[in-house]
Structure formats: structure tokens, C-alpha cells
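Taking numbering that gives the first Met the number 0, I'd label the letters of the sequence shown as residues 0 to 91. From the three backbone atoms N, C-alpha and C, an ideal C-beta is built for every residue, glycine too. Before any comments, here is the structure.
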Amino acid sequence: MAESQKVTYQISSSVVDEVREAVEHGYATSMSRFVEDALRRRLRDLQTERVRERCRQAAQDTRLAAEIAQVEAAFERVDSRQIPDARQIPDE
């Protein structure tokens, strides 16, 4: 595990109470662990949203769309039925 660092944040009392209760019910080993898990989950969500946004931007990129179309056209010419079954290839 990475080195931990003590930090101070202002969090509403009601949230602190809910976190404390969650820890008491065994949902985390400590309040610190609960908060760290929540922060990691949020960071993962943000990363996912950034990737989705890049995908949305890429979908609007006409040059990328043209390049994808070229690649798809090249692969259309490769038909899996033209690849011989391994059982049909003579042994040398």
C-alpha cells in the first residue's frame, strides 16, 4: 500500500455520522479507509467520464472517421471463408 498522509477536510456532521455508522456496521475497517475507498471510487468515475468524453470527441472527428472507414474497407476484403481450415492444409 502507498504511504499514507494525514490531511484535514471540512465535512458536514451528518456525513461524518453516516460514515461512522457504516464503519460500526462493518462496511469498512475504519473511517479513513471508508473515505479513501469513496475517493478512489469517485476518481475512477472521473477517469471513466474523461474516456467517454474523448470517445465522444473522436466520434465527431471527420478525419478519424475517414481513417476508420479505410481500415474497415481493407478488412472487408479479407473474408474468413478464404482462410483454409487447418485440417485442409497438407503436411509438408
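Problem - VAL70 classed as buried or exposed, judged by whether at least 16 other C-beta atoms fall within 10 angstroms - result: Position 71 of the sequence shown, counted from the start, is the residue given in the question as residue 70. Burial call: exposed.
Practice task
Please classify VAL15: is it buried, with 16 or more other beta-carbons within 10 angstroms of its beta-carbon, or exposed?
Solution key: The residue given as residue 15 occupies position 16 in the sequence shown. Exposed: under 16 other Cβ atoms inside 10 Å.
Exercise for the section: Determine the contact status of SER11 and VAL22, defining contact as a CB-CB distance below 8 Å. Expected result: Position 12 of the sequence shown, counted from the start, is the residue given in the question as residue 11. Position 23 of the sequence shown, counted from the start, is the residue given in the question as residue 22. No. Outside cutoff.
Handout entry: Where VAL18 falls, given that 16 or more other Cβ within 10 Å makes a residue buried
Key = By one-based count along the sequence shown, residue 18 stands at place 19. Classification of VAL18: buried, given that the 10 Å Cβ count is 16 or more.
Exercise for the section: In angstroms with no decimal places, state the Cα-to-Cα distance between ARG53 and ASP44. Expected result: As a position in the sequence shown, residue 53 is number 54, starting the count at 1. As a position in the sequence shown, residue 44 is number 45, starting the count at 1. Near 14 Å, if we compare the C-alpha coordinates of ASP44 and ARG53.
Problem - Pick from GLU20, SER31, GLU66 that is closest to GLN4, judged by C-alpha positions - result: Position 5 of the sequence shown, counted from the first residue, corresponds to residue 4. When only C-alpha atoms are compared, the closest one is SER31.
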